[in-house]
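Numbering follows the numbering used here, with no gaps: position 393 of the sequence shown is 946. Quick reminder that beta carbons are idealized off the backbone N, C-alpha and C, glycines included. None of these values were measured; they are calculated from a predicted model.
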Amino acid sequence: MMSFLSQTLARVKPSPTIAMTGRARELAAEGRDIISLSAGEPDFDTPLHVREAAKAAIDAGHTRYTAVDGIPELKAAICDKFRRENGLDYAPSQVTVGTGGKQILYNALMATLNPGDEVIIPAPYWVSYPDMVLLAGGTPVIVEGEMQNGYRITPEQLEGAITPRTKWVIMNSPSNPTGAGYSEEHLRGLTDVLMRHPQVWVLADDIYEHLVFDDFRFATPAQVEPGLKDRTLTMNGVSKAYAMTGWRIGYGAGPETLIRAMAKLQSQSTSNPCSISQYAALAALTGPQDYIRTSREVFERRRDLVVAGLSECPGIVCPKPEGAFYVYPSIRDLIGKTSAGGTRIETDEDFASALLDETGVAVVFGAAFGLSPHFRISYATSDEILTDAVARIRRFCEGTR
Ligand SMILES: Cc1ncc(COP(=O)(O)O)c(C=O)c1O
């Protein structure tokens with residue numbers, strides 16, 4: 554059977570976050586009392602006006618194939634969004650719409666990578682980046698951001714990772730899994746390096762743009778350094794900003810040659826993203842924006858709740874992130890200990906499975922994101938559930954010897 558499957562597929566692994574969510578779901582189906590903090594999606598409903606727009610789109614007959622990479626109205630709305638929120642001027646011909654931000658990233662890598670091409674990926678990283686690079690035949694080059702640096706990579710680290718084969722560097726701020734944000738100043742340090750290496754393109758994954766807290770101000774590389782705009786793909790989407798993960802609409806903007814190549818790929822794979830979802834995304838981008846403020850306030854409160862709770866767990870160190878809806882605590886002090894249930898904790902994977910077995914709390918282990926020993930909590934769930942989860946984690950930590 555193995556030989557029937559492609560060699561390309563053998564290079565990649567299934568998404569560990571989806572696997573963990575699945576395992577938690579199975580245990581819950583068996584009747585166990587499970588709290589899943591492993592999925593990366595807002596727990597809110599899609600705003601009402603967006604849902605109404607989708608229903609209206611069905612009734613208006615927008616149920617057929619559309620232009621391969623997005624209806625003109627949506628592309629125009631995306632251009633407005635970039636101008637309004639990011640100070641970036643793109644023409645509609647420089648915009649592409651796909652089935653989630655995920656397809657935009659996938660298209661970009663598939664459309665550009667040749668064997669031997671390197672892609673710099675700061676760790677901890679979103680689980681799909683390295684595997685997408687491998688699927689596209691490229692080589693991921695991992696650069697570790699340290700906890701002491703707020704999980705951000707430094708200009709020196711970036712400089713040290715660049716080779717003549719470097720094609721892309723992937724930037725993700727605020728980050729999944731750490732919530733770390735790169736301020737304009739942090740980005741400036743990196744864009745200065747990139748200005749000296751004209752062969753390197755920037756893939757900016759801005760999907761958590763609107764989820765930023767305290768006085769952190771979001772910035773994106775093409776805005777910080779306009780000199781990089783003609784080799785940057787700025788990616789974003791409606792999934793996290795408007796609680797629309799299931800609608801599957803993401804978009805990217807960049808040089809026309811790249812955008813055209815991505816559309817060509819899409820034309821031979823999925824064709825257009827769902828017509829109804831495109832009209833829903835149009836309503837999200839052009840309608841009232843109050844959902845963004847409300848969700849930001851809620852997530853900020855939950856972040857504070859989780860960080861405060863985890864800071865009282867012996868053996869856990871939990872930095873306070875600038876954005877997204879994740880925390881990425883260290884469990885260095887728990888390594889080598891044994892849980893109350895008798896599991897010896899050698900790795901963060903041992904920690905996550907013992908935590909699930911003994912307390913019912915599902916988290917994702919750090920090795921999945923390329924930086925150990927840590928774990929990721931998604932706090933996109935209710936305050937009550939979070940309070941319960943944090944109490945269980947605390948008991949688990951207190952029980953280790
Ligand atoms: C960092 C990051 N980028 C991109 C995506 C893809 O989002 P979507 O395909 O739903 O637009 C996600 C979703 O989890 C993410 O966390």
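Check, Outcome
"F635 in three-state terms, based on DSSP", "helix"
"C-beta atoms of D622 and T649 nearer than 8 Å", "yes"
"Reduced DSSP category for M797 - H, G, I as helix; E, B as strand; rest coil", "coil"
"Distance, V686 Cα to L662 Cα", "6 Å"
"Cut-off 8 Å between Cβ atoms - residues of its own chain near S828, not counting five sequence neighbours on either side", "A610, H615, T616, R617, Y618, T619 and I624"
"Short Cβ contact (8 Å threshold) for Q819 with N660", "yes"
"Delimiting residues of the alpha helix (DSSP H) encompassing K720", "No alpha helix (DSSP H) contains K720, which is instead part of the beta strand (DSSP E) from T719 to N725."
"Alpha-carbon spacing of A757 relative to L558, whole angstroms", "32 Å"
"Start-end ranges of the beta strand (DSSP E) lying completely within the region 657-703, minimum 3 residues", "671-676 and 692-697"
"Residue closest to D745, alpha-carbon to alpha-carbon, out of S589, L627 and P774", "P774"
"Continuous beta strand (DSSP E) assignments of at least 3 residues falling wholly in the region 735-813", "754-758, 785-790 and 803-806"
"Classification of K496 by the beta-carbon crowding that lies within 10 angstroms, buried from 16 upward", "Since the first residue of the chain shown is 554 and the last is 954, residue 496 is not available in this structure."
"Ligand 3 heavy atom lying under 7 Å from the CB of D622", "Ligand 3 is absent from the structure shown, which contains only ligand 1."
"Beta-carbon proximity list for T940, same chain, < 8 Å, skipping 5 on both sides", "L858 and G862"
"Check: W679 C-beta below 7 Å from any heavy atom of ligand 1", "yes"
"For Y879, the three-state DSSP class (helix, strand or coil)", "strand"
"V971 - partner residues in DSSP beta bridges", "Absent from the structure is residue 971, since the part of the chain shown begins at 554 and ends at 954."
"Where M748 falls, given that 16 or more other Cβ within 10 Å makes a residue buried", "exposed"
"Whole-angstrom distance between V603 and R854, CA atom to CA atom", "25 Å"
"Span of the beta strand (DSSP E) around F922", "Here F922 belongs to no beta strand (DSSP E), and DSSP marks it neither H nor E."
"Selected residue, minimal CA-CA separation from P730, among S681, I587, A629 and E638", "S681"
"8 Å Cβ cutoff met for Y795 and I657", "no"
"Closer than 7 Å: G732 CB and nearest ligand 1 heavy atom", "no"
"Simplified DSSP assignment, three categories, for G651", "strand"
"CA nearest to the CA of M797, picked from A664, E594, D843 and G919", "E594"
"Assigned exposure category for T953 - 16 Cβ within 10 Å defines buried", "buried"
"For T823, the three-state DSSP class (helix, strand or coil)", "coil"
"Distance, I802 Cα to L627 Cα", "11 Å"
"Buried/exposed call for D759, threshold 16 Cβ in 10 Å", "buried"
"Three-state secondary structure (DSSP) of V859", "helix"
"Buried/exposed call for Q560, threshold 16 Cβ in 10 Å", "exposed"
"Which listed residue (S892, S864, A893 and G889) has its alpha carbon closest to that of V880", "S864"
"Helix, strand or coil at A613 [DSSP, three-state]", "coil"
"According to DSSP, residues forming a beta bridge with S931", "Y879"
"Cβ-heavy atom distance, T798 to ligand 1, below 7 Å", "yes"
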